[in-house]
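In this note's numbering, the protein residues as written are 6 to 224. Ideal Cβ placement from N, Cα and C applies to all residues, glycine included. Only one structure is covered here, and it is reproduced in the block below.
Given below as structure tokens:
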């Protein structure tokens, strides 16, 4: 079984002591040390038993008004408040350092998020990944810091698959892998699903998988 690792850095389910003290952000240096130590410890524990890691999860705000400024579009998470907007890049640099020390491991590093059919959010994520990878390539020609973008795919029967297609192709144009990491289509309410909604749900799943099969070489 090929196992995907989820997740190294997230605004949820990280113990408060990793980035805060008495409700206040830790110093940048202390929080960075905790971030790097956590990433190294977990990655070395699992080693090559995984084929990929979600290094950072859900760092971007929903529908940011100015996606061109990706740093301003980031959630103000505890990691952000302690380290700054470069915490995303620092997390990937820490993970890449571990992989560089283990060239025998074939592991991809992913950024993962949801609601990426929203074009503002997709554009902000695109800009972030491009900026981080472009700067990394200055000192590491032809190498990626972020190998892939994960699209969670929590959709509903009103989701427009054309927006999913736009975002998918936007991420593919970065030259990275794309994964459909979590896929569900919400339908019905109060534990009841009418035949009409069940058909709408099935129809959207079919449209999505047509899209995924058409882009299978990049997923």
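For residue i, list the residues DSSP reports as bridge partners.
| i | result |
| --- | --- |
| residue 65 | 79 |
| residue 115 | 59, 153 |
| residue 30 | 25 |
| residue 191 | 161 |
| residue 43 | Bridge partners of residue 43: none, in fact. |
| residue 89 | Partner(s): none; residue 89 has no beta bridge. |
| residue 14 | 61 |
| residue 9 | 57 |
From the DSSP output, in three-state form, read off residue i for me.
| i | result |
| --- | --- |
| residue 196 | coil |
| residue 107 | coil |
| residue 226 | A question about residue 226 goes unanswered here, because the residues of the chain that appear run from 6 up to 224. |
| residue 52 | helix |
| residue 207 | helix |
| residue 147 | coil |
| residue 19 | coil |
| residue 73 | coil |
| residue 35 | helix |
| residue 102 | helix |
| residue 121 | coil |
Got a sec? Which residues, its chain only, sit under 7 angstroms from residue i by beta carbon, not counting five neighbours each side?
| i | result |
| --- | --- |
| residue 9 | 55, 56, 57 |
| residue 213 | 166, 169 |
| residue 151 | 97, 114, 116, 134, 137, 138, 181 |
| residue 162 | 190, 192, 202, 205, 206, 209 |
| residue 187 | 157, 158, 159 |
| residue 41 | 99 |
Between which two residues does the alpha helix (DSSP H) holding residue i run?
| i | result |
| --- | --- |
| residue 139 | 124-144 |
| residue 167 | 166-177 |
Between which residues of its own chain and residue i is the CB-CB distance below 8 angstroms, once the five residues before and five after are set aside?
| i | result |
| --- | --- |
| residue 153 | 57, 113, 114, 115, 116, 181, 182, 183, 184 |
| residue 216 | 166, 169, 170, 173 |
| residue 67 | 120, 123, 126 |
| residue 110 | 52, 53, 104 |
What does a CB cutoff of less than 6 angstroms around residue i pick up in its chain, not counting 5 residues either side in sequence?
| i | result |
| --- | --- |
| residue 12 | 59, 62 |
When the cut-off is 9 angstroms and only beta carbons count, does residue i lie next to chain C?
| i | result |
| --- | --- |
| residue 36 | Of the protein chains in the structure, only one exists, and it is not chain C. |
Report yes or no: do the segment 24-37 and the segment 45-55 share at least 3 C-beta pairs separated by less than 8 angstroms? no
Contact between the segment 82-91 and the segment 172-180 is defined here as three or more beta-carbon pairs at a separation below 8 angstroms; is this criterion met? no
Taking contact to mean 3 or more Cβ pairs, one atom from each stretch, closer than 8 angstroms, check whether the segment 198-216 and the segment 71-78 are in contact. no
Touch check for the segment 122-141 and the segment 162-179: three-plus C-beta pairs under 8 angstroms? yes
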